[in-house]
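Position one of the sequence shown corresponds to residue 13 (my numbering), numbered consecutively onward. Idealized CB from N, CA, C, for every residue including glycine. Every value quoted in this text rests on a predicted model; they were computed, and no experiment measured them.
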Amino acid sequence: MISFSIFLFRFQTFLFLRKRKKMPEKVEVVLGEISRINLNRPERKNALDLQMLEELDEVLEEVKEYKPRVLVLGGKGDTFCSGLDTSVLAELAGWEEERLLPLIDLAQRVITKIRRMDCPVIAACQRYAIGGGMQLALAADLRLATPGTTFYLREPEFGILPDMGALYLLPRIVGEGLARDLILTGRRITAEEGEKVGLVNGIFPSLEEGIKLYVERILSLHHAPLRESKRILETCWEEELDSNMARAKEAQLRCLRELKT
């Protein structure tokens, strides 16, 4: 006999899977209290193409509706994500705006969905997080990496800018000076240097061990204050202290009400 909680989990997963038009091919998703999304193009170093971005957009919506306690974003194989596929990059200059704008909108929507997830999001990065891959990691709340993992924004090498959130997120994570350095020179930064400046939260020879450690910490806490803190942190740079504390007061009341239920 299976427990009711296991039955409920399987039934919820079944309902979510039924909503899909088709199973994703370039993204793997596991729904649960600990949900996981893995980029699944290891033969292309998990390079982003239109299909992968569309699948990410879809599965992120599924995860949001499922309401997990934590989301882990990773990549299959030996690389987290090598950025936008070179076959796409080579063609961009010849695209008309009518074709280009939907791709930009899609990529930016993926970043927004990661950033606004109600649960903590962990990016588990190995070997390379390049271009759009680095920007996926920046959208997460926490970034874990294996030793020597390299982060860099290569978009200017192809005549484009990093438009998937780096210009907003990177200065807030590492400070404006270092952000300008990394964006305007294309300099590579290793996990070891990144850990010193707040880009990387932890370095682990085994990513799974690091994920386990951080997930256990998160699950030991109540979900409501994490959710509310994320929402307030998202706009803390744009508001005055009094406004920020007023929002925190309302959020505190919501947390206390949830404790009573």
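My understanding is that Ala105 touches Ile123, with C-beta atoms under 8 Å, so please give their C-beta distance in whole angstroms.
Contact between Ala105 and Ile123 is ruled out by a C-beta separation of about 23 Å, above the 8 Å threshold.
Within its chain, find whatever has a CB closer than 6 Å to the CB of Glu40; leave out the 5 residues flanking it on each side and keep chain order.
Taken in chain order, the residues that qualify are Asn50 and Asn52.
- Message: Checking the sheet assignment: what are the DSSP bridge partners for Arg48?
- Response: Residue pairing for Arg48: DSSP places it in a beta bridge opposite Val42 and Val84.
Quick check: the Cα distance between Arg266 and Ser241, rounded to an integer number of angstroms? Rounded to the nearest whole angstrom, the C-alpha separation of Arg266 and Ser241 is 12 Å.
Check your understanding: Nearest-angstrom Cα distance between Gly171 and Leu60?
Key -> Those two C-alpha atoms are separated by around 18 Å.
**Expected contact under 8 Å - CB spacing of Cys137 and Ala119 to nearest Å** = About 18 Å separates the beta carbon of Cys137 from that of Ala119, a gap too long to meet the 8 Å contact definition.
Does the count of Cβ pairs from the segment 128 to 137 and the segment 218 to 228 closer than 8 Å reach three? Contact holds: three or more Cβ-Cβ distances are below 8 Å.
Select from Met257, Phe92 and Val100 the residue whose C-alpha is nearest the C-alpha of Ala149. Checking every option, the nearest Cα to that of Ala149 belongs to Phe92.
Worksheet entry | 9 Å Cβ cutoff met for Ile126 and Leu194 | Annotated as distal: Ile126 and Leu194, with beta-carbon spacing of 9 Å or more.
Straight-line Cα distance separating Leu181 from Ala102: Ala102 and Leu181: Cα-Cα distance of roughly 26 Å.
Let me know if Arg239 comes out buried or exposed under the rule of 16 or more other beta-carbons within 10 Å of its beta-carbon. Buried: at least 16 other Cβ atoms inside 10 Å.
Practice item. Look at the alpha carbon of Glu262 and the alpha carbon of Asn256, and state the distance between them as a whole number of angstroms. Key: The C-alpha of Asn256 is placed about 10 Å away from the C-alpha of Glu262.
- request: Leaving out five residues on either side along the sequence, give the residues of the same chain with a beta carbon under 6 Å from the beta carbon of Gly89.
  value: Counting only Cβ-Cβ distances below 6 Å, and skipping sequence neighbours, we find Pro54.
For Val212, report the span of its alpha helix (DSSP H) as first-last.
Val212 -> no alpha helix (DSSP H), and no H or E assigned at all.
### Query
Just reading off the alpha helix (DSSP H) that Ala191 is part of, what are its end residues?
It spans Glu188 to Thr197 - the alpha helix (DSSP H) in which Ala191 sits, taken as one unbroken run.
Start and end of the beta strand (DSSP E) containing Cys137?
Cys137 -> beta strand (DSSP E) spans Val133 to Cys137.
Q.
Suppose the cutoff is 7 Å on Cβ atoms and the five residues either side in sequence are ignored; what does the same chain contact list for Ser94 look like?
A. So the qualifying residues of the chain are Lys57, Asn58, Ala59, Tyr140, Ile142 and Gly145.
| said: Among Ala236, Leu179 and Thr247, whose alpha-carbon lies nearest the alpha-carbon of Pro80? | reply: Among Ala236, Leu179 and Thr247, the Cα nearest to that of Pro80 belongs to Ala236.
Exercise. Per DSSP, what kind of secondary structure is Arg149 in: helix, strand or coil?
Worked result: Correcting the residue identity first, residue 149 is Ala in this sequence and not Arg. In the structure shown, Ala149 adopts helical secondary structure according to DSSP, grouped into three states.
| Alpha carbon to alpha carbon, how far is Glu70 from Leu196? | Roughly 33 Å separates the two Cα atoms.
If you follow the alpha helix (DSSP H) that Ala236 is in, where does it begin and where does it stop?
Run containing Ala236: His235 to Glu246, per the alpha helix (DSSP H) assignment.
Inset, instruction - Below 8 Å on the Cβ atoms is my guess for Tyr12 versus Ser99; work out the distance and round it to an integer in Å. - result: Residue coverage of the chain in this structure runs from 13 to 273, which leaves residue 12 outside it and unanswerable.
Q | Residues near Gly2 in its chain [Cβ-Cβ closer than 7 Å; skip 5 each side] | A | Only positions 13 to 273 of the chain appear in this structure, which leaves residue 2 out of reach.
Label Gln147 either buried or exposed according to how many other C-beta atoms from any shown protein chain fall within 10 Å of its C-beta, with 16 as the threshold for buried. Under this definition Gln147 is a buried residue.
Q.
Could you check whether the Cβ of Gly89 sits closer than 9 Å to any Cβ belonging to chain D?
A. Of the chains in the structure shown, none is chain D; there is only one protein chain.
- Sequence-distant residues of the same chain with beta carbon closer than 6 Å to Pro183, five excluded per side: Result list for Pro183: Ala191, in chain order.
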